[in-house]
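All remarks here apply to the structure that follows.
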Amino acid sequence: MMCPRPKNICWRPHRSLRTVSAVRRSPGRPVLRDHLVMLDRTASAEIQTLLLQRMAAQDRQALGEFYDQLGAVLFAAAFRILGDRLDAEDVIQEVFVQIWTKAGSFDRRLGTPFHWAMTMTRNRCIDLLRARQRRRAVLDDPGDDEARPEPAAPE
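Here's what the structure looks like:
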């Protein structure tokens, strides 16, 4: 079941295949035009695959374009997992360094560039959370075997 469209908005294709023009019709008011970029999944996956191929050839501009497309989404995921903005920024920086170095190993038969990058982000976040837990366990554990009481021997 589809959601009904608002009656005051008329959707029509724009000149570009990737853009749709939304025209708001309001009585007595000027017409407002909003240009919404709408890429279907296969088109964006193809564009991102080409960007990864350019990154494999050491094209820095391709990295910037890839970051522009996915940086905000990956940051939001990292922030949601970690709950800390600075840690999320660090993870995203590490992920994009990893994307830059491993761009040549991307295989489009195994998935989309978005999911490849999201998996890297998720794994880095999990690694950071586990490192935090280990750090807490070490700090909470005094490490003195002599100060601990010996367990009672079974009778």
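Residue numbers for the sequence shown follow the working numbering, so the first one is 2 and each next one is one higher. Glycine is no exception: its CB is placed at the ideal position from the N, C-alpha and C atoms.
Classify residue i: buried if its beta carbon has 16 or more other beta carbons within 10 angstroms, exposed otherwise.
i: L111; result: exposed
i: A89; result: buried
i: Q94; result: exposed
i: L53; result: buried
Among the residues of its own chain, which have a CB less than 6 Å from the CB of residue i, if the five just before and after it don't count?
i: T122; result: L75, A78, A79 and V96
i: I82; result: C126
Kindly indicate which three-state DSSP category residue i falls into: helix, strand or coil?
i: R86; result: helix
i: L111; result: coil
i: Q59; result: coil
i: D141; result: helix
i: D128; result: helix
Considering only residues of the same chain and omitting the five flanking positions on each side of residue i, which have a CB-CB separation below 7 Å?
i: F107; result: L53, P114 and W117
i: Y68; result: F97
So, residue i versus residue j, is the Cβ gap smaller than 7 Å?
i: A132; j: M56; result: no
i: R109; j: T50; result: yes
i: L64; j: W101; result: yes
Within its chain, find whatever has a CB closer than 8 Å to the CB of residue i; leave out the 5 residues flanking it on each side and keep chain order.
i: R30; result: Residue placement at R30 is poorly supported in this model, since its pLDDT is 49, which falls under 50; the coordinates are not used for a value here.
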